[in-house]
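Peer 1: Residue numbers (our numbering), protein chains in the order written: chain A, 17 to 187; chain B, 2 to 170. Cβ coordinates follow ideal geometry from the N, Cα and C atoms, glycine included. I am attaching a structure below and will ask some questions about it afterwards.
Here you go:
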C-alpha cells in the first residue's frame with residue numbers, strides 16, 4: 017500500500033557525547049591542580065633556641081627568613097651564614113662580606129615576582145629571646161637597607177593557662 | 002524509463018559535529034584565561050602646581066611618639082615621649098615580666114589623649130633582650146599598630162638625657 021502522505025523523517029534523538037564531557041572535565045581538573053599553590057608555612061627553629069613569647073594572633077607568613085643563633089646569622093635567600101659581629105657598625109666597616117651581601121640582597125629583592133611583593137617585601141626574623149636588641153637591630157638594618165620592607169618577628173604563643181595581662185587605663 | 006527525467010543524486014547532508022569544536026573552544030579559552038595577566042593601566046594628569054614655600058599654619062606639628070626601654074637599676078624603665086603642640090614625657094618603672102602590662106597601660110593612656118595617632122617608634126637599649134622588644138610591640142600594637150624601630154644608640158642617648166634630668170623613677 018502506497019502512502020500518499022509524506023513520511024516525516026524521524027530525527028534520531030540526540031545522544032549525549034560523554035567522551036567530550038569527560039575530556040573537558042579532565043582538562044578542568046588538570047588546570048586547577050596545576051594552578052593551585054599548596055604552601056606549608058614551616059619555620060625551622062634551631063635546637064636549643066627559645067623563641068620569645070607573644071600574645072599576637074597573627075599567623076606565620078611565607079617569606080625569606082634569617083635566623084640569629086649562636087653568634088651566627090643564617091639567611092635563607094642564598095643559604096649562607098655570617099658572623100653576628102660582622103653586622104655591627106664596627107664590624108661591617110672592616111668586613112666586605114656584608115657589603116657584598118647587601119648588593120646581592122638588592123638584586124634578590126629587585127628580582128622578586130610581583131606576587132611576592134603584594135604585602136610588601138617581607139622577612140621573617142628568628143632569634144632566641146635572650147639575644148640583645150643591638151644585634152637584632154644591626155642585622156635588621158642591613159636587610160632593611162637592601163630593600164626588605166616589613167620585618168616579621170617569629171614568636172611562640174603563650175604557654176597553656178597563661179593569658180595576656182590587661183593593662184589598666186589611667187584616670 | 003528515460004534518463005532525462007532521472008532525479009539528480011542527492012548528496013548526503015553531512016552534519017557538522019560540533020562537539021569537538023566546542024571541546025577545542027573550551028580548551029583554548031582556558032589556556033587564554035590562565036596565561037593572561039590582567040594589568041590595570043591608569044593615567045593621571047596632574048596640572049602643574051604653583052610653587053609655595055608657606056607651610057600650612059593650621060596643621061599641628063606631628064606628634065612622633067617614641068617609646069624607649071632601658072635598664073634602670075635592677076629593672077627596666079619605659080619612657081614614652083611625644084612632640085606636637087603639647088610635648089611630653091611619661092616614664093614608668095617595670096620588670097621584664099610586667100613589661101607588657103606597663104606598655105599596654107602607657108599606650109592606652111596615650112591613645113585616649115591622642116586617638117588619631119597610629120604610629121610609634123620603638124627602641125631598646127643595646128643590652129635589653131629581644132623578648133622585651135616583643136613584649137613592647139605586643140603592648141602598643143592594639144592602639145598604635147604602625148611600629149618603627151629606632152636604633153639603640155638613640156635610645157641610650159635619650160636614656161642618658163632622661164637620667165640627667167632625673168626623669169627616671
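1) What residues in its chain sit with their C-beta under 6 Å from that of residue 35 of chain A, if we drop five residues either side in the sequence?
2) Quick check: what's the CA-CA separation for residue 162 of chain A versus residue 94 of chain A?
3) I want to verify the contact list: residues of chain A whose CB lies under 7 Å from the CB of residue 120 of chain B, in sequence order.
4) Entirely within the segment 38 to 94 of chain A and at least 4 residues each: give me those alpha helix (DSSP H) ranges in chain order.
5) Could you tell me whether any Cβ in chain A is nearer than 9 Å to the Cβ of residue 146 of chain B?
6) Which bits of chain A does residue 125 of chain B rub up against, with CB to CB less than 7 Å?
7) Quick check on the DSSP output: the alpha helix (DSSP H) that includes residue 136 of chain B runs from which residue to which?
8) If we call anything under 9 Å between Cβ atoms a contact, is residue 107 of chain B one with residue 147 of chain B?
9) Residue 51 of chain A versus chain B: which residues are under 7 Å apart at the beta carbon?
10) Is there at least one Cβ from chain A nearer than 9 Å to residue 132 of chain B's Cβ?
11) Out of curiosity, what's the CA-to-CA distance linking residue 14 of chain B and residue 38 of chain A?
12) Can you name, in chain order, every residue of its own chain whose Cβ lies under 7 Å from the Cβ of residue 168 of chain A, other than the five neighbours on each side?
13) Anything in chain B within Cβ reach of residue 145 of chain A, meaning under 8 Å, just list it in chain order.
14) Using the C-alpha atoms, what's the distance from residue 158 of chain A back to residue 92 of chain A?
15) Is the segment 127 to 134 of chain B touching the segment 148 to 155 of chain A in the sense that three or more CB pairs, one from each, lie closer than 8 Å?
Peer 2: In short, the structure shows the following:
1) none
2) Taking the straight line joining both Cα atoms gives about 14 Å.
3) Within chain A, no residue has its CB atom less than 7 Å from the CB of residue 120 of chain B, the nearest being about 14 Å off.
4) The qualifying runs do not exist here; there are none.
5) no
6) 149
7) Residues 131 to 142.
8) no
9) 35
10) Under the 9 Å criterion on CB atoms, residue 132 of chain B is classed as interfacial with respect to chain A.
11) 28 Å
12) 77, 79, 138, 139, 140 and 141
13) Here the neighbours are 130, 131, 132 and 135.
14) 15 Å
15) yes
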